[in-house]
């Protein structure tokens, strides 16, 4: 995956809602530290991909979540690119 596509996928998902507990369960400051030490598009893809994976694991902060590991059909109906993004990043939901 290249930077532009990964960034676009991340933006789409996090515009729906940021992943739940990004400063506790995920600790996004680790991504910041990594990027400050290794500033590159390759590093950014790594961090963005980790956050995309986490988004699919835990659902969103605003209560749009996953029940028993499955995303509500209503969300996929409302945001059809979610399925394509999940496939692209090998995420199951």
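In our numbering, the protein residues as written are 47 to 139.
Glycine included, every Cβ here is placed at the ideal spot set by N, Cα and C.
Small disclaimer: the values here were computed from a predicted structure and weren't measured.
Identity of the residue in the options nearest residue i by Cα
i, options, result
"residue 107", "56, 96 and 64", "64"
"residue 54", "81, 70, 94 and 124", "94"
"residue 66", "125, 100 and 137", "100"
"residue 5", "62, 124 and 51", "One cannot answer for residue 5 here, as it falls past the ends of the chain, which runs 47 to 139."
The alpha helix (DSSP H) enclosing residue i, as first and last residue numbers
i, result
"residue 75", "75–83"
"residue 100", "87–104"
Chain C contact for residue i (CB, 8 Å cutoff)
i, result
"residue 59", "As a matter of chain content, chain C is missing from the structure shown, which is built from one protein chain."
Burial state of residue i (16 or more Cβ within 10 Å)
i, result
"residue 75", "exposed"
"residue 6", "Only positions 47 to 139 of the chain appear in this structure, which leaves residue 6 out of reach."
"residue 113", "With a pLDDT of only 49 at residue 113, under 50, the local geometry of the prediction cannot be trusted, and no value is derived from it."
Contact check, residue i vs residue j, beta carbons under 8 Å
i, j, result
"residue 49", "residue 91", "yes"
"residue 89", "residue 80", "yes"
Close beta carbons around residue i, own chain, < 8 Å, minus the five adjacent residues each side
i, result
"residue 129", "122"
"residue 84", "none"
"residue 125", "58 and 62"
Contact set for residue i: own chain, Cβ-Cβ below 7 Å, skip 5 residues either direction
i, result
"residue 56", "94, 97 and 98"
6 Å CB neighbourhood of residue i in its chain, flanking five on each side removed
i, result
"residue 216", "Here the chain comprises residues numbered 47 to 139, so residue 216 is not present and cannot be evaluated."
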